[in-house]
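Here's the structure, in structure tokens; my notes come after.
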Amino acid sequence: MTTLKYIAHYSEQIQTQAALLMSDGRLGTYLENKYPNQHQLQSDKALYQYINEIKNQYMRNIGPLSNVSYSSKLKVLKHALGMHTTQSRVQGSKLKSHNSITVASLFKEAPPEFLRMIVVHELAHFKEHEHNKAFYQLCCHMEPDYHQFELDTRLWLHWRER
1 MTTLKYIAHY
11 SEQIQTQAAL
21 LMSDGRLGTY
31 LENKYPNQHQ
41 LQSDKALYQY
51 INEIKNQYMR
61 NIGPLSNVSY
71 SSKLKVLKHA
81 LGMHTTQSRV
91 QGSKLKSHNS
101 ITVASLFKEA
111 PPEFLRMIVV
121 HELAHFKEHE
131 HNKAFYQLCC
141 HMEPDYHQFE
151 LDTRLWLHWR
161 ER
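Read in order, the letters of the sequence shown correspond to residues 1 to 162 in UniProt numbering.
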């Protein structure tokens with residue numbers, strides 16, 4: 001079986017199903033039928049507003065987002081679909097935080113569900129740094145279909161590389 005790098009950590013059953021879809025040339029049809037729309041958030045400003053709305057709904061007690069952007073420098077090969085950074089600085093008697101999120105620019109062409117999955121993932125890192133049970137519970141709290149969207153995003157990445 002061909003190495004499916006984006007889903008290598010999934011069960012053998014899922015990898016076999018994905019490989020069959022790919023070898024039969026049906027992966028694109030499957031994804032297009034399941035996710036027929038592309039999101040309209042093409043600018044950094046629109047992305048900032050979108051992420052801020054989700055943050056304010058689920059994670060009000062993390063500091064404000066200082067910067068949100070798309071970046072063509074993020075490489076999917078390094079498994080970076082998005083990035084988050086947090087910096088805390090002392091200014092006088094106060095502690096100021098600088099939180100930012102960067103999303104790989106290839107997701108400008110993605111279905112809205114895939115963008116939401118990445119945003120939820122990066123927001124969850126502000127509270128849970130490790131990919132542990134609490135992290136995934138937080139992701140599922142913000143997006144109940146998180147795990148399905150993550151798998152389908154990884155399949156979409158394979159399909160794009162064909």
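All C-beta atoms in this analysis are idealised placements derived from N, C-alpha and C, irrespective of residue type, glycine included.
- Taking the CA atoms as reference points, Phe-114 sits about 13 Å from Tyr-50.
- For Asn-67, the enclosing beta strand (DSSP E) stretches over residues 65–71.
- Distance between Leu-157 and Gln-38, taken at the CA atoms: about 15 Å.
- With a cutoff of 8 Å on beta-carbon distance, Tyr-70 and Lys-108 are scored as near each other.
- Contact between Ile-7 and Gln-13 does not hold, since the beta-carbon distance rounds to 11 Å and is not under 8 Å.
- In this structure, Glu-143 keeps its C-beta atom at 8 Å or more from the C-beta atom of Phe-135.
- By the Cβ neighbour-count rule, Asp-152 is buried, with 16 or more other Cβ atoms within 10 Å of its own.
- DSSP places Gly-25 outside any alpha helix (DSSP H), giving it a letter other than H or E.
- Boundaries cannot be given for Gln-40, as no alpha helix (DSSP H) includes it and DSSP labels it neither H nor E.
- Ala-104 is bridged by DSSP to Ser-71.
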